[in-house]
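Visitor: Before anything else, here's the structure in question.
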């Protein structure tokens, strides 16, 4: 059966504290009653011996001090003896003011920008993230969760119009990019690192392979036959010429690929540099590129292509998420682990991330600290004050009872001192 003297929302520890509080209340009351009994007895025995006067003075003042402190302690929580005395039941009668002041106190002392920022700077958020990601099971769980969530994100992007919005933004971005400077910069970087020679090698290799395909040879032979006189066709000159032409071209392609100082490489370099110069200096050339871009973006086939690509991405995501263990999941988990390891090893990156966390959280707390203060005040105002007062008394009442003991002792000593002074005065 529930003890009615303990609040209904109290914990097991509060139940024990309530029992301790009852015991110490009885003890403090017992001391007060004892002082009253001693006072009466000592006053009766004072004619017998003067020492009883000192005892009576001590007991009387101790009883007064204990009674006054009993009143002070009780007045915090309720009306003493149920009497409608002003300025009693202080907590209950000032609940709203206490709630507002408590909210303001927490906002001012715990949520102020300076202490919040100082405390946040002591937390290494990046190290926590790095350690968390570096553990294989956690990274795998995060990758699995992300892949399970990804199909819903993709589906939501279609139903919410996000896909259309992203498509329009991507199209606007493509339309706003200046292609000529971008292409010139990319080509200049290729030339600066000699990568354009690799491009030439790939062109030579592709030409070599194309020339040796049967269908290519057949097409070239047909062209040769169309240009030859009939007599030469009779001697199969087309086959001879095709063989020589193919052999010469193949040898030329291989020669360019294997010789880093081949003259064609110099010509190719000059051609690329000339193209870069035209891209950077000729507005007409840039306009031609922009025209090609407009024509490309205006073609309906581009929209159909993007729709097919989106459908393939959506199907791929759905397949990856439906499997118990997918290759994509393993790759993502490994990527997360590598990111955690890299973050753990890079102190500068951690410092930047921590600074970003501090900035974001500081701004968030500064923006919402008023709401936190109001929430705390509203919660306190919504308490059942009868239960709340009992709970407060259970948690701090034991210490308050010692005020009664202290008041009894201090009052008794004061009474003893005053009685001694009175006796000494009469003896003078």
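Residue numbers (the working numbering): 15 to 442. For glycine and all other residues, C-beta sits at the position ideal for the given N, C-alpha and C. Please read all numbers here as calculations on a predicted model, not as lab measurements.
1) Leaving out the 5 sequence neighbours to the left and right, which residues in its chain are closer than 8 Å to residue 289 when beta-carbon positions are compared?
2) Output the distance between the C-alpha atoms of residue 137 and residue 391, rounded to the nearest integer angstrom.
3) For residue 422, does the count of other Cβ atoms within 10 angstroms reach 16, so buried, or fall short, so exposed?
4) Which whole-angstrom value describes the C-beta separation of residue 351 and residue 153, a residue pair presumed to lie in contact below a C-beta threshold of 8 Å?
5) Out of 204, 193, 149, 326, which one is the CA nearest neighbour of residue 347?
6) Just to confirm my understanding: we take residue 355, look at its own chain, exclude 5 residues before and 5 after, and list those with CB closer than 6 Å. What are they?
7) List, from N- to C-terminal side, the beta strand (DSSP E) runs of 3 residues or more that fit wholly inside the segment 284-325.
8) Who are the near neighbours of residue 307 in its chain, counting only those whose CB is closer than 8 Å to its CB and skipping five residues on each side?
9) For residue 316, which of 181, 111, 173 has the nearest alpha-carbon?
10) First and last residue of the alpha helix (DSSP H) that includes residue 84?
11) Let's test the definition: count the other Cβ atoms within 10 Å of the Cβ of residue 233 and tell me whether it reaches 16, buried, or not, exposed.
12) Using 8 Å as the cut-off, can you tell me whether the segment 381-398 makes contact with the segment 55-68, which would need three or more C-beta pairs spanning the two stretches below that distance?
13) So, using beta-carbon positions, are residue 103 and residue 111 closer together than 8 Å?
14) DSSP on residue 204, reduced to helix/strand/coil?
15) Can you give me the C-alpha to C-alpha distance between residue 32 and residue 388, rounded to a whole angstrom?
16) Alpha carbon to alpha carbon, what distance is there between residue 270 and residue 228?
17) When the Cα atoms are used, what is the spatial distance from residue 143 to residue 382?
18) Please look up how many angstroms separate the CB atoms of residue 79 and residue 426, rounded, as I've assumed it's under 8 Å.
19) Can you give me the C-alpha to C-alpha distance between residue 209 and residue 305, rounded to a whole angstrom?
20) Using alpha carbons as the reference points, say which of 397, 179, 411 lies closest to residue 34.
Guide: Taking the structure as given:
1) These residues qualify, in order along the chain: 201.
2) Roughly 29 Å separates the two Cα atoms.
3) Per the 10 Å Cβ criterion, buried.
4) Yes, residue 351 and residue 153 are in contact; Cβ-Cβ is about 5 Å, under 8 Å.
5) Nearest Cα to residue 347 within the set 204, 193, 149, 326: 149.
6) These residues qualify, in order along the chain: 148.
7) Counting whole runs of 3 or more residues, the segment 284-325 contains no beta strand (DSSP E) stretch at all.
8) Residues 188, 189, 193 of the same chain have their beta carbon placed closer than 8 Å to that of residue 307, with the five preceding and five following residues left out of the count.
9) Closest by alpha carbon: 181.
10) Taken as a continuous stretch (DSSP letters only), the alpha helix (DSSP H) holding residue 84 covers 65-91.
11) The residue in question, residue 233, is exposed, as its Cβ has fewer than 16 Cβ neighbours within 10 Å.
12) Verdict: no, contact absent.
13) The answer is no: Cβ separation not under 8 Å.
14) Helix.
15) For residue 32 and residue 388, the distance between alpha carbons rounds to 31 Å.
16) Roughly 23 Å separates the two Cα atoms.
17) If you take the alpha carbons of residue 143 and residue 382, they lie about 25 Å apart.
18) So it is a contact: roughly 7 Å between Cβ atoms.
19) Whole-angstrom Cα-Cα distance: 28 Å.
20) Residue 411 is the option with its Cα nearest to residue 34.
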